[in-house]
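Data first, discussion second: the structure below is written as structure tokens.
In our numbering, the protein residues as written are 76 to 387.
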């Protein structure tokens with residue numbers, strides 16, 4: 076049923092907001108990951124620097140030992156052996172430091188790549204957030220505009236229906252982003268039939284003027300009954316009665332008041348979707364009603380969900 080489009084719009088706005096929250100959580104997680112990676116990278120760079128300093132220190136010592144060994148060639152053999160042993164120790168230490176340095180370089184390279192990847196992910200997430208925020212803003216603007224239009228529409232309807240119609244026979248309100256007009260069956264129809272009364276045609280004429288002024292909207296007419304069974308030559312059951320009452324209203328709007336039939340929808344709800352208990356006469360009277368719903372056209376609704384409608 077087309078009225079569900081309005082409910083879908085509300086759900087979509089809620090889902091879009093929820094999706095945005097999920098994306099922001101992802102963004103915050105990426106920020107935390109990036110900060111941790113950068114912290115580890117900074118520590119690794121410091122360790123790499125220390126390795127370089129230690130390597131330079133040992134290289135200097137090795138060079139000094141080698142020079143001293145060169146000068147000690149003419150000295151006793153034991154002194155030369157001691158210097159050679161010291162040189163070998165320094166070479167071993169240098170080899171260890173170089174291994175540590177290479178390991179640190181590999182770690183720094185990996186952390187740098189990870190940091191860049193995290194940064195790229197953050198940039199992508201920010202772009203997604205920006206696009207979703209624009210889309211959500213678009214939907215919220217559309218809903219706000221619709222709410223304002225519907226409020227003005229409801230005020231106009233109440234104004235034109237105020238004269239000559241009892242308060243208990245008509246109720247106009249805005250609910251779930253659409254305008255509802257509830258009309259009692261005693262005002263609209265002959266008892267137990269779908270034939271409209273003269274008063275009904277007068278009221279429908281007033282409503283038709285408002286409908287005609289808003290060609291961008293569609294009109295759904297829903298018939299409702301109580302739970303008292305009905306079966307005669309014209310009606311099979313309450314489903315049948317509710318549908319025929321809705322089509323009677325639609326025919327008058329089309330034929331008598333020239334409303335474009337492409338904008339009209341007739342629906343029967345039978346004895347279901349009650350407003351009150353059917354255990355009392357007052358409750359049954361409340362449930363016997365016809366509801367006229369004024370809502371956006373389906374193509375306009377789906378335009379709201381089109382990502383290409385997001386402002387650049």
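Ideal Cβ positions, reconstructed from N, Cα and C, are used throughout, including at glycine.
Bounds of the beta strand (DSSP E) holding residue 295 are 292 to 299. Non-local beta-carbon contacts of residue 162 in its own chain, meaning distances under 8 angstroms to residues more than five positions away in sequence, involve 137, 140, 141, 144 in chain order. Just so you know, the alpha carbons of residue 351 and residue 363 end up roughly 10 angstroms apart. Going by C-alpha positions, residue 288 is about 35 angstroms away from residue 310. As a beta-bridge residue in DSSP terms, residue 343 pairs with 298. Around the CB of residue 191, fewer than 16 other CB atoms lie within 10 Å, so the residue is classed as exposed. Residue pairing of residue 234 in beta bridges, as defined by DSSP: absent, with no partner found. The beta carbon of residue 312 sits closer than 8 angstroms to those of 304, 305, 306, 345, all from its chain and outside the five residues before and after it, given in chain order.
Straight through space, the alpha carbons of residue 209 and residue 283 are spaced by roughly 37 angstroms. Within a 10 Å sphere around the beta-carbon of residue 107 sit fewer than 16 other beta-carbons, which makes this residue exposed.
With a threshold of 16 other beta carbon atoms within 10 Å, residue 221 meets it and is buried. In this structure, the CA atom of residue 358 is about 26 angstroms from the CA atom of residue 325. Residue pairing from DSSP places residue 249 in a beta bridge opposite 254. Under the three-state reduction of DSSP output, residue 129 falls in the helix class.
Each residue's CA atom was taken as its position, placing residue 266 and residue 298 some 14 angstroms apart.
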